[in-house]
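Asker: Quick one: structure below, then a few questions.
Number of protein chains: 2
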Amino acid sequence: MTVRVVLADDQTVVREGLRSLLGLIEGIDVVGVAADAETALELVGQTDPDVLLTDLRMPGIGGVEGIRRLRGGRSRTQAVALTTYDDDATIVEALSAGALGFLNKDADPATIADAIRAAASGRSLLDAKATRAMLQRPGEATPTAYEPPDGLTEREVDVLRLVASGLANPQIARELFVSVSTVKTHINHVLAKTGCTGRAALVRYAYEHGLAG
Amino acid sequence: MTVRVVLADDQTVVREGLRSLLGLIEGIDVVGVAADAETALELVGQTDPDVLLTDLRMPGIGGVEGIRRLRGGRSRTQAVALTTYDDDATIVEALSAGALGFLNKDADPATIADAIRAAASGRSLLDAKATRAMLQRPGEATPTAYEPPDGLTEREVDVLRLVASGLANPQIARELFVSVSTVKTHINHVLAKTGCTGRAALVRYAYEHGLAG
DNA sequence: TGACGCCTCAACCCACGGGTGGAAACCGGG
DNA sequence: CCCGGTTTCCACCCGTGGGTTGAGGCGTCA
Numbered sequence: 001m002t003v004r005v006v007l008a009d010d011q012t013v014v015r016e017g018l019r020s021l022l023g024l025i026e027g028i029d030v031v032g033v034a035a036d037a038e039t040a041l042e043l044v045g046q047t048d049p050d051v052l053l054t055d056l057r058m059p060g061i062g063g064v065e066g067i068r069r070l071r072g073g074r075s076r077t078q079a080v081a082l083t084t085y086d087d088d089a090t091i092v093e094a095l096s097a098g099a100l101g102f103l104n105k106d107a108d109p110a111t112i113a114d115a116i117r118a119a120a121s122g123r124s125l126l127d128a129k130a131t132r133a134m135l136q137r138p139g140e141a142t143p144t145a146y147e148p149p150d151g152l153t154e155r156e157v158d159v160l161r162l163v164a165s166g167l168a169n170p171q172i173a174r175e176l177f178v179s180v181s182t183v184k185t186h187i188n189h190v191l192a193k194t195g196c197t198g199r200a201a202l203v204r205y206a207y208e209h210g211l212a213g
Numbered sequence: 001m002t003v004r005v006v007l008a009d010d011q012t013v014v015r016e017g018l019r020s021l022l023g024l025i026e027g028i029d030v031v032g033v034a035a036d037a038e039t040a041l042e043l044v045g046q047t048d049p050d051v052l053l054t055d056l057r058m059p060g061i062g063g064v065e066g067i068r069r070l071r072g073g074r075s076r077t078q079a080v081a082l083t084t085y086d087d088d089a090t091i092v093e094a095l096s097a098g099a100l101g102f103l104n105k106d107a108d109p110a111t112i113a114d115a116i117r118a119a120a121s122g123r124s125l126l127d128a129k130a131t132r133a134m135l136q137r138p139g140e141a142t143p144t145a146y147e148p149p150d151g152l153t154e155r156e157v158d159v160l161r162l163v164a165s166g167l168a169n170p171q172i173a174r175e176l177f178v179s180v181s182t183v184k185t186h187i188n189h190v191l192a193k194t195g196c197t198g199r200a201a202l203v204r205y206a207y208e209h210g211l212a213g
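Heads up: the protein sequence lines correspond to chains A and B, in order. Using the UniProt record's numbering, read the first sequence as starting at 1 and increasing by one per residue. Using the UniProt record's numbering, read the second sequence as starting at 1 and increasing by one per residue.
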C-alpha cells in the first residue's frame, strides 16, 4: 500500500529536494507540492492525500495555522511538521495544532519516510528533541489556542515586541501613546506570565517565540 | 562549457534538492556534495571545481570560515553563499570572507544557476537584499577579519553571550569566575563598541549577529 | 445588574544597571 | 625596553528598571 503525500514548503530547493528524495522511496507517492499553507490546503481538498508534510515558517497563514485548519476540518489527512526551527515552543505549538509528527530538516530521508508512514496509519513519530519537549511539558501540548504564548494579551505582546527591539520604557510609552506607568504595568504582567527575571530575558523570550527577529 | 560545482549543506533535504535541481540544468555539473565546511574543502581540493555553493550555518567551522579558508588558499574555486538567514550582518560577513554570490534559499533554481555561472567567470551576482546591504554599508564588506563583530574582544563576546541568555550581572560574574565590576566593565565596552543604548538592545544585537539563538 | 478581565494610570521603594575615573597585571610587538 | 591592548578590579553617582499596592473606566458575559 502506497502513502499519498502533499508537500508544503516556501523554499524551492527544500520543496524539490523532498519531492525527489521521497519519490525514490518505495511506498511513498508525492501527489502535490505547494509553496504556502493556503495552497497546500486546496491541494489537500483536491487530492485527498494520506499525509500533509509541511514546513512551519511560511508566508501567509503559516504552517501551524495550516495544520490547525486541516485538523479542524473533516479531512482524514494527517499532518507532519518539518522545520528548521525546532525550539520547544514551536514543537509544542505544532503538536497542539494537531501534527502527528515533528522533524527537524536535518533529519535523514529514511526518518522522514518513517514519520510519513507512521502518520498515515495514525501513529506519531517524533524526533528525540520533540519527544523531550513533549515529556517536559505534559498537558501543555493539548488544546491551547496559542496565538499569543503564555496567555499574553494583545497589548502585552505590543509592549514585549518593543522591549525586544531595544527601546527603553519612555520610548515605548511614546510609541504606544500611553504613560510610562502603563508600560511598566504591562511589562510586569509579561514578566509574571512568562517567568522571565529581567528585561534581557524578555528579549530572549521574544526571539524564541517568534515575536522578534 | 560546463561549470563544475561542489555543494555544502548540513541539511540532507536541501543538499539533495540542490543536487537534483542543478543536475537538471544544462551547463552545470555537481561533482561533489558535503555536509560541513571541512569536508567541502577537502572535496574542493580533490575535484578542483569552478564553484563552491555553500550554506553558512553548518556544524564545525561554519560556511563563513569555510569561504575564508577557500579564498585564503591558492584555490581558483569561487564561492557562492546560499542561506536561510539573510540579515545584513550575515551578508556582509559572507561577502567580506570572499563570497562572490549571496542568495537566500527562497531563490528559484534559475537564479541559483545564474549566480553559479556568474561566479565561475569571476562575476558577482547578489540578490536584491544583498545588493541593498552592500550599498548601505560601503567599505564595510571589504577586509574585516570578522570573527567577533565591531572589534569585540573574546572576553567581551563571552559576556555578551551571557547577557543575551538573560542572566543578570552577578550570575554572569559567577559563570565566568570574575567580579561583578569586571562584568560591568566589559558590558560598558561592548555598549560603546556596538552603539547599543541598553541591555535589551545588546540582546537584540547578539541575536542579529549570531551570538545567540 | 454584577462579575470578570483588560487597559489605563499614580505613588512609592530600592536594587540593579549604566556611566564615570582610575589602577594594577599580563602579553605581544616595535 | 617601553608602549599598547586586554583583562582584571575598585569606588562613586544616579537614573532607570523591577516590584508593590491601589484604583478608575471600559468592554463582555452570565
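Every residue gets a Cβ at the ideal spot worked out from N, C-alpha and C, and that includes glycine. From a predicted model like this one, the values you see are computed outputs, not experimental measurements.
Mind listing the chain B neighbours of residue 170(A)? Cutoff is C-beta to C-beta under 9 Å, in chain order.
Answerer: Per Cβ cutoff of 9 Å: no residues; residue 170(A) is ~12 Å from chain B at best.
Asker: Could you tell me which residues DSSP pairs with residue 78(A) in its beta bridges?
Answerer: DSSP, once it has assigned bridges, lists 51(A) as partnering residue 78(A).
Asker: So for residue 117(A), helix, strand or coil by DSSP?
Answerer: Helix.
Asker: If contacts are defined as beta-carbon pairs under 8 Å, then residue 7(A) and residue 33(A) qualify, I think. What distance do you get, rounded to the angstrom?
Answerer: Confirmed, about 5 Å.
Asker: Per DSSP, residue 28(A) is paired with what?
Answerer: DSSP output for residue 28(A) lists 3(A) as bridge partner(s).
Asker: Straight-line CA distance for residue 193(B) to residue 70(B)?
Answerer: Computed Cα separation, rounded: 30 Å.
Asker: Spell out the partners DSSP gives residue 83(B) in its beta bridges.
Answerer: Paired residues: 104(B).
Asker: Alpha carbon to alpha carbon, how far is residue 81(A) from residue 208(B)?
Answerer: Residue 81(A) and residue 208(B): Cα-Cα distance of roughly 26 Å.
Asker: At a CB-CB cut-off below 8 Å, which residues of chain A make contact with residue 34(B)?
Answerer: Within 8 Å Cβ-Cβ: nothing; residue 34(B) doesn't reach chain A, min ~15 Å.
Asker: How many Å lie between residue 140(A) and residue 107(A) at the Cα?
Answerer: Because residue 140(A) carries a pLDDT of 42, less than 50, the predicted location of this residue cannot be relied on, and no value is offered for it.
Asker: Can you grab the Cα-Cα spacing for the pair residue 79(A) / residue 165(B), in whole Å?
Answerer: Rounded to the nearest angstrom, the two C-alpha atoms are 33 Å apart.
Asker: Who pairs with residue 8(A) in a beta bridge, going by DSSP?
Answerer: DSSP output for residue 8(A) lists 34(A), 54(A) as bridge partner(s).
Asker: Which stretch, first to last residue, makes up the alpha helix (DSSP H) that contains residue 170(B)?
Answerer: Here the alpha helix (DSSP H) through residue 170(B) covers 169 to 176.
Asker: Where does residue 192(A) sit, in a helix, a strand or coil, going by DSSP?
Answerer: The answer is helix: DSSP assigns residue 192(A) an H, G or I state.
Asker: Measuring straight from C-alpha to C-alpha, what distance separates residue 2(A) and residue 109(A)?
Answerer: Near 17 Å, if we compare the C-alpha coordinates of residue 109(A) and residue 2(A).
Asker: Residue 18(A) touches chain B at which residues, Cβ-Cβ below 8 Å?
Answerer: Neighbours of residue 18(A) on chain B, chain order: 13, 17.
Asker: At a Cβ threshold of 8 Å, is residue 21(B) touching chain A?
Answerer: Chain A contact via Cβ: present.
Asker: Is there a C-beta anywhere in chain A that falls below 8 Å from the one on residue 165(B)?
Answerer: Taking Cβ atoms only, chain A reaches closer than 8 Å to residue 165(B), which makes this a yes.
Asker: If you measure beta-carbon to beta-carbon, which residues of the segment 100 to 111 of chain A are closer than 8 Å to chain B?
Answerer: Per Cβ criterion, the list reads 105, 106, 107, 108, 109.
Asker: Along the chain, where does the alpha helix (DSSP H) containing residue 160(A) start, and where does it finish?
Answerer: Element bounds for residue 160(A): 154 to 164.
Asker: Would you list, in chain order, the members of the segment 41 to 64 of chain B that have their beta-carbon closer than 8 Å to a beta-carbon of chain A?
Answerer: Per Cβ criterion, the list is empty.
Asker: Residue 201(A) versus chain B: which residues are under 7 Å apart at the beta carbon?
Answerer: Those within 7 Å of residue 201(A) in chain B are 166.
Asker: For my contact list, residue 62(B) and residue 56(B) are in at a C-beta cut-off of 8 Å; report their separation, rounded to the angstrom.
Answerer: Right, their Cβ atoms sit about 7 Å apart.
Asker: Does residue 90(B) get closer than 8 Å to chain A when you measure Cβ to Cβ?
Answerer: False, the Cβ-Cβ gap to chain A never drops below 8 Å.
Asker: Quick one: is residue 185(B) near chain A, going by C-beta distance under 8 Å?
Answerer: It does not; no Cβ of chain A falls within 8 Å.
Asker: Please report the straight-line C-alpha distance between residue 31(B) and residue 116(A), rounded to a whole angstrom.
Answerer: Taking the straight line joining both Cα atoms gives about 31 Å.
Asker: Can you find at least 3 beta carbon pairs, one from the segment 198 to 208 of chain A and one from the segment 9 to 18 of chain B, that sit closer than 8 Å?
Answerer: No: the two stretches stay apart, fewer than three of their Cβ pairs being nearer than 8 Å.
Asker: What do you reckon, are the CB atoms on residue 97(A) and residue 68(A) nearer than 8 Å?
Answerer: Yes, they are a contact pair.
Asker: Check this for me: beta carbons of residue 176(B) and residue 190(B), under 8 Å apart or not?
Answerer: Cβ atoms of residue 176(B) and residue 190(B): not closer than 8 Å.
Asker: Taking 8 Å as the limit between beta carbons, can you name the residues of its chain near residue 28(B), skipping five residues before and five after?
Answerer: These residues qualify, in order along the chain: 2, 3, 5, 22, 113, 116, 117.
Asker: Can you round the beta-carbon distance between residue 178(B) and residue 170(B) to whole angstroms, since I take them to be within the 8 Å contact cut?
Answerer: Not a contact, Cβ separation roughly 11 Å.
Asker: Going by beta carbon distance, what residues of the same chain come within less than 8 Å of residue 159(B), once the five residues before and after it are set aside?
Answerer: Excluding residues within five positions, the ones whose Cβ falls inside 8 Å are 172, 176, 183, 186, 187, 190.
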